[in-house]
Amino acid sequence: MEGRLLLKNCAVFRADGRVRHGMAVVVEGNTIRRVAPDAQVPVLPGDWEVACHGRLVAPGLVDCHTHLVNGQLLPPTGHFLMLPPRERLDRLRHVARLLTNEDVEALTRYAAARALRHGVTLAVEHLSCQDVAGGLAAQARAAEAVGLRLVTSHSTHGLDGAAQAQTWLDANADFTRAYRDHPLVRGALGFHASFTCDDALLRRIAELSRVLDAPTVFHLAESEDDLSSTYSQHGKRVVPRLDALGLLGPRAIAGYARVLDSAEAELLEQSGAFVALAARGVRALERGADPMDAVLSRVHLLGLGTGGHGSLQDELLAALVGVLRISRSGRMPDVDGALAHLLVNGPAELCTRLFGLPSGNVEEGCIADLVVYDVVPTADPETGYSPYLLGQLAHSPVGWTIVNGRVCVREGQLLGLDYVALSRAATQALERVWTRARLGS
729 MEGRLLLKNC AVFRADGRVR HGMAVVVEGN TIRRVAPDAQ VPVLPGDWEV
779 ACHGRLVAPG LVDCHTHLVN GQLLPPTGHF LMLPPRERLD RLRHVARLLT
829 NEDVEALTRY AAARALRHGV TLAVEHLSCQ DVAGGLAAQA RAAEAVGLRL
879 VTSHSTHGLD GAAQAQTWLD ANADFTRAYR DHPLVRGALG FHASFTCDDA
929 LLRRIAELSR VLDAPTVFHL AESEDDLSST YSQHGKRVVP RLDALGLLGP
979 RAIAGYARVL DSAEAELLEQ SGAFVALAAR GVRALERGAD PMDAVLSRVH
1029 LLGLGTGGHG SLQDELLAAL VGVLRISRSG RMPDVDGALA HLLVNGPAEL
1079 CTRLFGLPSG NVEEGCIADL VVYDVVPTAD PETGYSPYLL GQLAHSPVGW
1129 TIVNGRVCVR EGQLLGLDYV ALSRAATQAL ERVWTRARLG S
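Whatever position you read off the sequence shown (first residue = 1), add 728 for the numbering used here.
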């Protein structure tokens, strides 16, 4: 936008639980240029003034692992969740094959709009479709139209043969090359999981990631099925296998990490890989131990992902349950700090890795991915400390969402697009896919 964007009389969020009341935030281009007491920042001709009236301004949220499209295809009903992991995968693959590019674009537009209305400014997407080139391009168009910052990849696997996997990977790599410098949309090299990919495919992905300096997106030890299948086929557990193939490192964005031991968590930390936890899925999808214990106490680069279902606010509540359990056993004394790291600090490091700009703070020089929440936070007058600040944030409606300096949501409404029309188009896309899949029968 031309001119400056001014957030006037706001309460500025800090991840340590403190807020600064009576502040103004100046945005120019895609960057926060100034944060100062409100009285020191006059409105100039050409400025777009946002009257915050004391409302909380915080960094935008990051959905660190999601399925914007595929999460809508088969909703997580009780019947679906009770199916064995392999049968769930087979059903998801069947329906994903039937997606057209038109379907992908409609479903992405709606999911992106919904994310923006929940305060998400960056989503790391893991798409499954037959036409990879067309599907990723459709997602890029959708993200640009709606305004969501997006890193997208294809969930390539070898279950349909080596030739098909290579075709998908080549298309994914072409997209990643084409969008390597795009201000809003980036590509990543994706694969489904260890148990659905052979060594040759994973070596090619690792080599392409190195040559292109591109991130990789995948499911890491997502289930006991993943672990047992990997071990029976390759004689290794998931984490050591992927590490030996060169897939764990600073470019890796690993989703779920549900079946890990302490040594594997240490290996992840040493590798510099980013881990996206889906805290609700641990309790809804799989049996077994809660991996948060091993991961939270050992891995620094962590964030939350929805997996395409629900919201990050839901994930934060589920994470709170896990963190409290660990803390009560004496292994994690700082509950609030752990939650702030999962929701804000860890994802900010991921955003900086992906886009090369400082993020995660409302400070001069940071990227202008911001959210104005419809809450005036209570804070101690002497210290500025606001008890349960993350809880206030998580339970408050979103007033404004700003991505890369662009206003995408204004006073709760999507700017420039009809949210209900996007929902209707997504519903029509789902009806088309379900008809092709004969789900009614």
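Note that CB positions come from ideal geometry on N, CA and C, so glycine has one too.
If you draw a straight line from the alpha carbon of residue i to that of residue j, how long is it in whole angstroms?
i	j	result
R732	G1084	23 angstroms
R986	P770	51 angstroms
G974	H885	17 angstroms
S960	G1144	53 angstroms
L801	S883	15 angstroms
A1107	A980	38 angstroms
H781	P1109	18 angstroms
A683	L864	Limits of the chain in this structure are 729 at one end and 1169 at the other, which puts residue 683 out of reach.
R842	S1039	9 angstroms
D888	V939	26 angstroms
L1044	A1007	8 angstroms
A921	L1032	19 angstroms
A893	F919	9 angstroms
N1132	L1158	30 angstroms
G1088	L995	26 angstroms
V1104	A786	12 angstroms
Y699	R1164	This structure gives no information on residue 699, because the portion of the chain shown stretches from 729 to 1169.
R819	V966	23 angstroms
G1016	H807	Caution applies to G1016, whose pLDDT of 49 falls short of 50 and renders its modelled position unreliable; the model cannot decide the point.
A871	D1062	37 angstroms
L817	E935	27 angstroms
A928	R969	13 angstroms
A1047	T1080	23 angstroms
H1028	H846	25 angstroms
D909	R761	22 angstroms
P1075	G1050	19 angstroms
Provide the residue span of the beta strand (DSSP E) that contains residue i, from first to last.
i	result
V879	877 to 882
C1094	Segment: none, C1094 is in no beta strand (DSSP E) and carries neither H nor E.
L1032	1030 to 1032
R1138	1134 to 1138
W1103	Looking at the sequence provided, one finds Val at residue 1103 rather than Trp. Careful: V1103 lies outside any beta strand (DSSP E) and carries neither H nor E.
A851	848 to 855
R931	Element bounds for R931: not the beta strand (DSSP E) but the alpha helix (DSSP H), 927 to 940.
V1131	1126 to 1131
A764	759 to 765
D791	789 to 794
Could you give the residue range of the alpha helix (DSSP H) that holds residue i?
i	result
E830	829 to 845
D775	From DSSP, D775 is part of no alpha helix (DSSP H); its letter is neither H nor E.
H807	806 to 809
C1079	1074 to 1083
P968	966 to 972
W903	According to the sequence shown, residue 903 is Phe rather than Trp. Taken as a continuous stretch (DSSP letters only), the alpha helix (DSSP H) holding F903 covers 890 to 906.
R979	Element bounds for R979: n/a, residue is neither H nor E.
L1118	1117 to 1122
G799	798 to 801
Q998	990 to 999
D1064	1063 to 1068
Would you grab the beta carbon distance between residue i and residue j for me? Rounded to a whole angstrom, and I think it's under 8 angstroms.
i	j	result
S999	G977	5 angstroms
L1071	L784	In fact, because the Cβ distance is near 14 angstroms, the residues do not count as touching under 8 angstroms.
V1090	L1098	7 angstroms
V848	C1136	Not confirmed; about 10 angstroms, so no contact.
V753	V740	7 angstroms
T794	A851	5 angstroms
Based on DSSP bridge pairs, tell me the residues matched to residue i.
i	result
V864	The residue you asked about is not Val; residue 864 is Leu in the sequence shown. None, per the DSSP bridge assignment.
V1148	Per DSSP, none; premise fails for V1148.
K736	A779
E950	The partner list for E950 (beta bridge, DSSP) is empty, contrary to what the question assumes.
V823	Partner(s): none; V823 has no beta bridge.
A1005	According to the sequence displayed, residue 1005 carries Leu and not Ala. BP columns for L1005 point to L1032.
A786	V1099
M751	C738, P765
G915	T880
T944	L917, A980
Leaving out five residues on either side along the sequence, give the residues of the same chain with a beta carbon under 6 angstroms from the beta carbon of residue i.
i	result
A899	V860, A861
L1150	R837, Y838, A841
L796	T836, A839, E853
A682	This structure gives no information on residue 682, because the portion of the chain shown stretches from 729 to 1169.
A868	V913
R748	V740
To which residues of the same chain is residue i closer than 8 angstroms at the C-beta, ignoring the five residues directly before and after it?
i	result
A779	K736, N737
So, for residue i: in the same chain, excluding its five sequence neighbours on each side, which residues have a beta-carbon less than 7 angstroms away from its beta-carbon?
i	result
T924	H885, G886, L887
A866	N829, V832, E833, T836
Y1113	G745, R746, A1107
H1037	G799, P804
V823	L801, L802, V1161, A1165
Using 7 angstroms as the cut-off, classify the Cβ of residue i as near or not near the heavy atoms of the ligand GTP, replying yes or no.
i	result
A866	Ligands in the displayed structure: none, and consequently the ligand GTP is not present.
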